[in-house]
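Structure, as structure tokens:
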């Protein structure tokens with residue numbers, strides 16, 4: 638039982654490149670979230686999903702896209718990387734029953 | 003627009019002292035108020051949470067105080083220990099509707115021996 642798995646752990650992108658941050662959970666949770674964490678700025682909600690096929694924007698969705706084709710996977714897509722997207726990205730899930738959110742270990746992304 | 007405001011940004015407490023972190027929210031639709039603890043290089047982990055139908059919840063040395071009319075809630079860490087040194091985040095969620103979970107900006111706590 639791995640919980641929430643994020644890949645990669647680290648990545649350096651050049652401006653204008655694209656990439657997908659992967660998030661997989663094996664807890665059969667309905668609700669999944671993507672956050673970015675900037676120093677001193679806390680966790681900002683990018684996108685979230687309440688179930689397969691359903692996604693919604695969070696606080697800072699611009700420059701990102703998501704999909705939720707299965708319960709397990711919730712990938713985050715950056716189409717045209719910009720330096721402002723340098724951050725640590727966290728994926729999280731919760732059951733909706735006891736409402737505890739479980740976080741992955743994070744992906745540290747640097748855009749140069 | 004910051005929906006959950008957290009203060010202070012950093013806090014230094016002596017071992018055995020009380021650490022107090024405050025949060026304020028604006029959206030009255032929030033119905034769930036958790037606190038998360040994060041150690042360097044790790045993802046946040048749930049510490050304690052409260053629903054708005056109670057004014058206080060205690061788990062060991064950690065207590066949440068909740069003031070619905072003022073739209074404020076706080077975390078109290080009693081008998082603070084060096085092992086409590088971490089970043090603490092408050093959050094607010096709409097757990098009975100959208101399941102959107104919004105976090106505060108975080109407080110870096112240092113407990114000196």
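Chains as they are written, first to last, in our numbering: chain A, 638 to 749; chain B, 3 to 115. Every residue gets a Cβ at the ideal spot worked out from N, C-alpha and C, and that includes glycine.
(message) Would you say residue 12 (chain B) lies against chain A (beta-carbon separation less than 7 Å)?
(response) Chain A contact via Cβ: absent.
(request) Under 8 Å between beta-carbons, which chain A residues line up against residue 101 (chain B)? List them in chain order, please. (result) Below the 8 Å Cβ cutoff, chain A contributes 668, 685, 687, 731, 733 as neighbours of residue 101 (chain B), in chain order.
(request) Say whether the region 661 to 671 of chain A touches the region 6 to 18 of chain B, bearing in mind that this needs 3 or more beta-carbon pairs closer than 8 Å, one atom from each stretch. (result) Counting C-beta pairs with one atom in each stretch, the region 661 to 671 of chain A and the region 6 to 18 of chain B have fewer than three that are closer than 8 Å, which means they do not touch.
(message) Classify residue 747 (chain A): buried if its beta carbon has 16 or more other beta carbons within 10 angstroms, exposed otherwise.
(response) Under this definition residue 747 (chain A) is an exposed residue.
(request) Kindly say whether residue 716 (chain A), judged by its beta-carbon, lies nearer than 7 Å to any beta-carbon of chain B. (result) No - not a single Cβ of chain B is within 7 Å of the one on residue 716 (chain A).
(request) Say whether chain B places a C-beta atom closer than 7 Å to the C-beta of residue 723 (chain A). (result) The beta-carbon of residue 723 (chain A) is placed no less than 7 Å from the nearest beta-carbon of chain B.
(message) Under 7 Å, Cβ to Cβ, is there at least one residue of chain B near residue 740 (chain A)?
(response) Yes, its Cβ sits closer than 7 Å to a Cβ of chain B.
(message) Between residue 727 (chain A) and chain B, is the shortest Cβ-Cβ distance under 7 Å, so that the two count as touching?
(response) Among the residues facing chain B, residue 727 (chain A) is included, as its CB has a counterpart in that chain under 7 Å away.
(message) Less than 7 Å between the beta carbons of residue 38 (chain B) and residue 91 (chain B), yes or no?
(response) Result yes, Cβ atoms of residue 38 (chain B) and residue 91 (chain B) sit closer than 7 Å.
(message) Against residue 690 (chain A), what residues of chain B qualify as contacts under a CB-to-CB distance less than 7 Å, listed in chain order?
(response) Residues of chain B passing the Cβ test: none, with the nearest at roughly 15 Å.
(request) Indicate whether at least one CB of chain A lies closer than 7 Å to the CB of residue 111 (chain B). (result) Not closer than 7 Å to any Cβ of chain A, the Cβ of residue 111 (chain B) fails to qualify, so no.
(message) If the criterion is Cβ atoms closer than 7 Å, does the pair residue 64 (chain B) and residue 52 (chain B) meet it?
(response) Cβ distance not < 7 Å, so residue 64 (chain B) and residue 52 (chain B) don't count as in contact.
(request) Please go through the same chain and pick out, in chain order, the residues whose beta-carbon is closer than 7 Å to the beta-carbon of residue 32 (chain B), but skip the five residues on each side of it. (result) Cβ within range, chain order: 94, 95, 96.
(request) Kindly indicate if chain A contains any beta-carbon less than 7 Å away from that of residue 107 (chain B). (result) Contacts with chain A at 7 Å (Cβ-Cβ) include residue 107 (chain B).
(message) I'd like to know whether the C-beta of residue 49 (chain B) is nearer than 7 Å to at least one C-beta of chain A.
(response) For residue 49 (chain B), not one C-beta of chain A is nearer than 7 Å to its own C-beta.
(request) Closer than 6 Å by C-beta to residue 5 (chain B): which residues in its own chain qualify, once you throw out the five before and the five after it? Chain order, please. (result) Around residue 5 (chain B): 28, 29, 104.
(message) Is it the case that the region 704 to 716 of chain A contacts the region 650 to 659 of chain A, given that we only count it when at least three CB pairs across the two stretches are under 8 Å?
(response) Yes: the two stretches touch, three or more of their Cβ pairs being nearer than 8 Å.
(message) Quick check on residue 674 (chain A): does DSSP put it in helix, strand or coil?
(response) If DSSP states are grouped into helix, strand and coil, residue 674 (chain A) belongs with the strands.
(request) State the start and end residues of the unbroken beta strand (DSSP E) segment that holds residue 656 (chain A). (result) Element bounds for residue 656 (chain A): 656 to 662.
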